[in-house]
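Trainee:
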């Protein structure tokens, strides 16, 4: 698996991110959607990676610095044709390794509480993330679940 940091100018990456944004907006109630668009992912506090295998885009993910040693995972997405093949785990492993290289000691994630987000919640728990109160700018919201992991 090859990772490329940034790479927003790649049309496949753009398409994947647009699909991610549109889909998450469609399954989240107004006011409870925290997905970032491409401009949001270009913020200097965020590192973004596209992940490739045999020149095929398999997914992406981002790490937002909340504090010096506290990061938040954003925009974790598996390309549709690669779902249910363990790619989500590979993306998580990649992001955790990158976080360690950046001296992050605590990771947090916000995801939806609805049925659509169940596979994501299961994946996060599989990696040892534990439920936690809202962090950073998030507020209590019945449509959101919050998780954290100490590295």
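Residue numbers (my numbering): 1 to 151.
Every residue gets a Cβ at the ideal spot worked out from N, C-alpha and C, and that includes glycine.
#1: Residue 145 lies in the beta strand (DSSP E); which residues open and close that run?
#2: On a Cα-Cα basis, can you pick out the residue from 95, 134, 96 and 98 that is closest to residue 112?
#3: Tell me the DSSP secondary structure of residue 125 in three-state form.
#4: Does the region 78 to 94 come close enough to the region 31 to 46 that 3 or more CB-CB pairs lie under 8 Å?
#5: Taking the beta strand (DSSP E) that residue 104 falls in, what are its first and last residues?
#6: Could you tell me which residues DSSP puts in a beta bridge with residue 4?
#7: Can you list, in chain order, the residues of its chain with a C-beta nearer than 6 Å to that of residue 92? Leave out the 5 residues immediately preceding and following it.
#8: Using CA coordinates, which residue listed in 17, 147 and 64 is at the minimum distance from residue 44?
#9: Quick one: what does DSSP say residue 56 is sitting in, helix, strand or coil?
#10: In whole angstroms, give me the CA-to-CA distance for residue 8 and residue 130.
#11: I need the DSSP call for residue 40, collapsed to helix, strand or coil.
#12: Check this for me: beta carbons of residue 107 and residue 99, under 8 Å apart or not?
#13: Measure the C-alpha to C-alpha separation of residue 75 and residue 54 and round it to an integer number of angstroms.
#14: Distance, Cα to Cα, residue 117 vs residue 41?
Mentor: With the structure as the only source:
#1: Membership of residue 145 in the beta strand (DSSP E) is indicated by the continuous run 144 to 150.
#2: Looking at the Cα atoms, 134 is the closest of the given residues.
#3: Secondary structure at residue 125: helix, using DSSP grouped into helix, strand and coil.
#4: By the Cβ test, the region 31 to 46 is not in contact with the region 78 to 94, since fewer than three Cβ pairs between them sit closer than 8 Å.
#5: Residue 104 -> no beta strand (DSSP E), and no H or E assigned at all.
#6: Paired residues: 50.
#7: Counting only Cβ-Cβ distances below 6 Å, and skipping sequence neighbours, we find 127.
#8: When only C-alpha atoms are compared, the closest one is 64.
#9: Strand at residue 56.
#10: Rounded to the nearest angstrom, the two C-alpha atoms are 31 Å apart.
#11: Helix, per DSSP.
#12: By the CB criterion at 8 Å, residue 107 and residue 99 fall inside the cutoff.
#13: If you draw a straight line from the Cα of residue 75 to the Cα of residue 54, it is about 22 Å long.
#14: Cα to Cα, residue 117 sits roughly 21 Å from residue 41.
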